[in-house]
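Numbering (this note's numbering), first residue to last: 1 to 88.
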């Protein structure tokens with residue numbers, strides 16, 4: 001596993017690009033309702049604010065602001081990916 005250097009700031013604002021493994025897939029746009037449901041479900045358990053999101057067929061760009069005293073964006077992405085994948 002890669003050892004990334006990431007700046008984790010509690011209550012910080014973060015920009016993400018999240019790609020599908022198969023860059024030729026249209027999975028995200030073909031399942032946009034499930035993607036929205038997955039994000040909403042995780043937001044209930046681990047709140048964050050979505051400043052902006054762009055969903056393309058094979059990747060997502062997102063800007064999130066996390067709550068004060070919280071810098072764990074990796075947990076949120078892991079849970080969103082897991083929820084989405086298990087419900088495809």
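Idealized CB from N, CA, C, for every residue including glycine.
Query	Result
Determine whether the beta carbon atoms of residue 59 and residue 20 lie at a separation below 8 Å.	yes
Should residue 6 be labelled buried (16 or more other beta-carbon atoms within 10 Å of its own) or exposed?	exposed
Does the pairing of the stretch 26-37 with the stretch 63-70 give three or more beta-carbon distances under 8 Å?	no
Name the DSSP bridge partner or partners of residue 18?	60
Between the beta-carbon of residue 10 and the beta-carbon of residue 70, is there less than 8 Å?	yes
In whole angstroms, give me the CA-to-CA distance for residue 27 and residue 77.	17 Å
Rank 86, 88 and 79 by C-alpha distance to the C-alpha of residue 40 and give the top, closest one.	79
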